[in-house]
Structures are given as C-alpha cells and as structure tokens.
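A short worksheet on the structure shown next.
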C-alpha cells in the first residue's frame, strides 16, 4: 500500500488585524496596518496510507479544521508541501474534489427541500458516477442501513441522525479514495452513533477508503481508529496507535473497592488509608486514594508496585465485599494531554511506528 496523503512541514499563518474598541477604533481600523501573525498550523508532517482510518484529535483552536481545509484544497498553506491522491489539492480543487468525500458536522451537502433520493441522483451526475457503480453502491447502502426507507423523505423533514447518515452515504457515493469526517456523530443519540460507526467501519473495510476522522467523541475514536494523531497549538504532538498512547499514560490502573459495611471517604480518612498502607509497604508511596460514590478508589502506578500486592495489603486494612479493576480510558488520556499535565510529557515524544 502507498501513501495517499503526504504532508511535509505544512504551515498556515493568518494575518489578523489588531482591532480597536469603540466607534473611533472602528474608523481607525479602516486605515490600520497593525497586523499580527496567527500560526494555525505549525510545520505539521504526516503520511497516511491507503485504507487507513486515522483519528485526528485536538482541543478547540488546535488547528484540526485548518489542516483538513488544507488537505481538501479549501486553503493554501503558507509553506510546506502536500499531496493528496498524488495531487496538490489547492492547485486543482475541482480534480481533487472528484476523488475525496467530506462531511463537516451538521453542514449538510444534501438539498434541503428535495427528497434524499434526488440529492443522490444529482450527486451521481455531478461526479459522473457510472450507472453500475451507482446501482451497486445504493444497493450496498440499503443493505447496511436500510436507506431506501428515507428515499422519498425531504431532507428538511429528517431527524439530525437520518440527515447525518445520508450525508455520510453521499460522501462515499462516488467511491472516493479519501473521506474526511469532521465531527460526524455530534449531537446524535447512542443508537444512531453506533449505527453510523458500524457504517463507516464497513465502508472503510469493503472499499479500502482512507478515512480521516476529527472528533471530540472518544467513543468514535475507540470504535473506529487504530491510529491517532494529536495536534495542539498547531503542532503535531502525537502520532501512533491508541494502545501505545495508553501504554505511556496507562502505567497505572484504578482498583475500586466496595467496603463491607459503612466506611467514611472523607479527606482525612483517605489520607489515613494512605499512611496505613505506606507503613505496610513503602512501595505504595505514589498510590493515590479517592472515592466514587460508595466505592473506594486506589490509583496504582504499576511500574512501581503490582496491583495484586496492593490488593493483598488493602485486605488487612479494610474488609470488602467486591473489587473492580479499571484501566485508563482513551478519554482520560486525551483529557490529560489537553490539560497539559506533567503526566503527558513522556507520551508527546512518541512517534508513528515506534
């Protein structure tokens, strides 16, 4: 498999006017040359192969949408080189658009007042889709999600979930090599999210379509993506698989203990448990106690002490009737990166393929 998306030191700088307040400031701005440079994307490099499904993550304002707009040809980078399907996207936007599909959140590409089948037929003519390809794809879509039930329904009468579903189908209709999905499940209920995730997964697998997914929903990421990239302040700070990310962050697990009887979880009591455990085992100096409703939570750094050893010592301190062990979630990992905690530092140096 070859790379269908290649970015090399892509940078995008916007010139932004330093605006002044008030009526006088508005008049001054008309003739002002006081500009500042805003770096939205800062020397980002990546290579995405055919058939990959990549999660492109980052906090609001990190540069995700700007990068996507550069890859789709909407924006031209200030510097750097890029190829999508072997072409420079902004140099020939029309030709580039014929080989990509795009879904931008709640911005529908369907015709608002027309039945959805008419939108599909218009897209067929726009993309010059052969009759056989169109027929096969429509049959496949109907088999996967029963879209034929919506054919005669105007887009304006559809629910958000139905409209999103049809937008995703429209993006795949012309068999593009690359599909960009920007927040495809935003605002949807659990059932529709699951349906759309399964649809994207099947289309990616059956058609070998490269998918770049931007989302704040970690459920989407864990269900669809093996590889994730994280951008923050315009810089690509992580490019590897989810398990590698958890390995760096997840050197600890959470031991949840349900005590037998009434046990206080006040700060003083939690501190007391920590001191008692430290007396029994000095290796537990970095174990952290907390509470989750009626459960006592014990955060255990496994690179320092085994979970089993902590559990054995806890049995001597507190009688309990149930125990759970939880691994760190992808959502927790990403949140730690967004918050810029010190725990994130080892992860940020990980590179794709390490």
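Numbering (our numbering), first residue to last: 199 to 552. Beta carbons are placed, not taken as given, at the ideal position from N, Cα and C, and that holds for glycine.
| Asked | Found |
| --- | --- |
| When DSSP labels each residue in this structure, what does residue 470 get in the three-state scheme? | helix |
| Taking the alpha-carbon positions, what's the residue 539 to residue 391 distance? | Confidence at residue 539 is low in this model, with a pLDDT of 44, below 50, so the placement of that residue is unreliable and no value is reported for it. |
| Excluding sequence positions up to five away, which residues of its chain have a Cβ less than 8 Å from the Cβ of residue 200? | 247 and 248 |
| Measuring CA to CA, which of 501, 485 and 500 is closest to residue 494? | 485 |
| What number of angstroms, rounded off, separates the C-alpha of residue 212 from the C-alpha of residue 279? | 18 Å |
| With 16 other CB atoms within 10 Å as the buried threshold, where does residue 374 fall? | buried |
| Is the beta carbon of residue 345 less than 8 Å from the beta carbon of residue 364? | yes |
| If you run the structure through DSSP and keep just helix, strand and coil, what is residue 532? | helix |
| Put residue 266 into one of helix, strand or coil per three-state DSSP. | helix |
| Got a sec? Which residues, its chain only, sit under 6 Å from residue 547 by beta carbon, not counting five neighbours each side? | Residue confidence is low: residue 547 scores 40 on pLDDT, short of 50, so the model does not pin down where it sits. No coordinate-derived value is stated. |
| Of the residues 224, 275 and 267, which one's Cα is nearest the Cα of residue 241? | 275 |
| I need the straight-line Cα distance from residue 419 to residue 413, nearest angstrom please. | 8 Å |
| Residue 524 and residue 433 - do their beta-carbons sit closer together than 8 Å? | no |
| Between residue 468 and residue 492, is the Cβ-Cβ spacing less than 8 Å? | no |
| Residue 231 to residue 238, Cα distance in whole Å? | 21 Å |
| With distances taken between CB atoms, is the gap from residue 286 to residue 382 smaller than 8 Å? | no |
| Tell me the rounded alpha-carbon separation between residue 370 and residue 385. | 21 Å |
| Residue 408 lies in the beta strand (DSSP E); which residues open and close that run? | 408–412 |
| Report all residues from its chain with a CB closer than 8 Å to the CB of residue 309; omit the five preceding and five following residues, and keep chain order. | 316, 317, 320 and 353 |
| Going along the chain, which residues of its own chain have a beta-carbon closer than 7 Å to the beta-carbon of residue 518, five neighbours each way excluded? | 455, 456, 457 and 458 |
| Quick check: what's the CA-CA separation for residue 335 versus residue 252? | 23 Å |
| Where residue 387 and residue 298 are concerned, what is the direct C-alpha to C-alpha distance, given to the nearest angstrom? | 27 Å |
| Out of curiosity, what's the CA-to-CA distance linking residue 216 and residue 233? | 6 Å |
| Where does residue 229 fall in DSSP's three states? | coil |
| Within its chain, find whatever has a CB closer than 7 Å to the CB of residue 270; leave out the 5 residues flanking it on each side and keep chain order. | 287, 298, 300 and 378 |
| Run the CB neighbour count on residue 343, radius 10 Å, all protein chains shown included, and call it buried at 16 or more, exposed below. | buried |
| Let me confirm a value: residue 361 is counted as buried when at least 16 other C-beta atoms fall within 10 Å, else exposed. Which label applies? | buried |
| Using alpha carbons as the reference points, say which of 503, 254, 405 and 294 lies closest to residue 338. | 405 |
| With DSSP as the reference, label residue 245 as helix, strand or coil. | strand |
| Using DSSP with H/G/I as helix, E/B as strand and the rest coil, what is residue 499? | strand |
| How far does the beta strand (DSSP E) with residue 201 in it reach, from first residue to last? | 201–215 |
| List the endpoints of the continuous beta strand (DSSP E) containing residue 378. | 376–380 |
| Tell me, to the nearest whole angstrom, how far the beta carbon of residue 256 is from that of residue 429; I am working on the premise that it is less than 8 Å. | 4 Å |
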